[in-house]
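Quick note: the sequence shown, position 137, residue 344 per this note's numbering, numbers continuous.
All C-beta atoms in this analysis are idealised placements derived from N, C-alpha and C, irrespective of residue type, glycine included.
Quantities reported herein were computed from a predicted structural model and do not represent experimental measurements.
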Amino acid sequence: MKDTEERKNLKRAIKSRDQPILESSIRDYVKKKSDQSRDELLEKAKKLLEVLKCSKALNKAMANRIIAEIEETIDRIKKNRFDRKELSNEVAAANELLLRLRHIEKLRIEVLELKQSTIAELRSYKSPIPIVHNVMVATYLLLGVQEKETKKWTSVQSLLGKTGKEGLKRRIMTFKENEVSVATARRAQHIIGQDEDLESIRDVSAGAATFYVWAKGMIDEALHDK
Numbered sequence: 208m209k210d211t212e213e214r215k216n217l218k219r220a221i222k223s224r225d226q227p228i229l230e231s232s233i234r235d236y237v238k239k240k241s242d243q244s245r246d247e248l249l250e251k252a253k254k255l256l257e258v259l260k261c262s263k264a265l266n267k268a269m270a271n272r273i274i275a276e277i278e279e280t281i282d283r284i285k286k287n288r289f290d291r292k293e294l295s296n297e298v299a300a301a302n303e304l305l306l307r308l309r310h311i312e313k314l315r316i317e318v319l320e321l322k323q324s325t326i327a328e329l330r331s332y333k334s335p336i337p338i339v340h341n342v343m344v345a346t347y348l349l350l351g352v353q354e355k356e357t358k359k360w361t362s363v364q365s366l367l368g369k370t371g372k373e374g375l376k377r378r379i380m381t382f383k384e385n386e387v388s389v390a391t392a393r394r395a396q397h398i399i400g401q402d403e404d405l406e407s408i409r410d411v412s413a414g415a416a417t418f419y420v421w422a423k424g425m426i427d428e429a430l431h432d433k
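Next up, the structure:
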């Protein structure tokens, strides 16, 4: 087939892998195409365009960290069978992120499903063992409350008594784990320690144990790949 100017432009667009340029070149090529016979170059260009669109959509979904959005985009990629070759690495990375996001959501739900009586019991402690206090200091630190504001247990009790937007459950519901700095995560990790026994904490306080697991999960996510 003779190389027209549009055909040359389409080849260059394919080589560039630039979505806007490719879209424009495909439109120009189709306008000039005189017959409806199979055109391998056009098919190649259209396939590449869909690959680029899927890749862009997946990157956006992963940046948004929305489970349903990532799942929907992966389904779109699989329907086009791009997960087998063209976008195999991207899909693998997205699936790995999905596992982490589902775990984070599970931990969030466990906190949100805590009975108010469990939190009230935690608040009622006069002088809890150090790890219980430390768990709550780390929890509030992750939520943006400075250590100096939770140094005294009475201050933690006051925070636990807040409701509405300032309530602990509401703050955890709207918490963005990807916005926690590495420095904050490492400090929280230091506060709760790395050798604590979850069962020992649970024996003392079911509420503290739930916040301990949540805090550990958020710390792990903030320090992922760090």
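Unbroken alpha helix (DSSP H) run spanning residue i, endpoints
| i | result |
| --- | --- |
| L305 | 295-319 |
| E247 | 247-271 |
| F418 | 413-429 |
| N216 | 212-223 |
| E328 | 323-331 |
| D235 | 226-239 |
| V352 | No alpha helix (DSSP H) holds V352; DSSP gives it neither H nor E. |
| Q364 | 360-367 |
CA-to-CA distance, residue j to residue i, given in whole angstroms
| i | j | result |
| --- | --- | --- |
| R224 | G424 | 39 Å |
| S412 | A392 | 23 Å |
| E328 | N271 | 36 Å |
| A355 | E428 | Looking at the sequence provided, one finds Lys at residue 355 rather than Ala. The straight-line gap from Cα to Cα measures roughly 25 Å. |
| V387 | F289 | 34 Å |
| D246 | E212 | 16 Å |
| I379 | L349 | 10 Å |
| K238 | V298 | 35 Å |
Same chain, Cβ closer than 8 Å to residue i, neighbours up to 5 away in sequence not counted
| i | result |
| --- | --- |
| V167 | Beyond the ends of the chain as shown, which are 208 and 433, falls residue 167; an answer cannot be given. |
| N302 | I281 |
Close Cβ partners of residue i (< 6 Å) along its chain, the five nearest in sequence each way excluded
| i | result |
| --- | --- |
| L305 | I277 |
| L229 | A220, L256 |
| M343 | V363 |
| Y236 | E213, L217 |
Integer-rounded CB distance, given that residue j should sit under 8 Å from residue i
| i | j | result |
| --- | --- | --- |
| R214 | L256 | R214 to L256, Cβ: 16 Å. No contact. |
| T325 | A422 | About 16 Å separates the two Cβ atoms, so there is no contact after all. |
| K376 | L319 | 6 Å |
Cut-off 7 Å between Cβ atoms - residues of its own chain near residue i, not counting five sequence neighbours on either side
| i | result |
| --- | --- |
| T417 | E317, V318, L321 |
| G368 | R330 |
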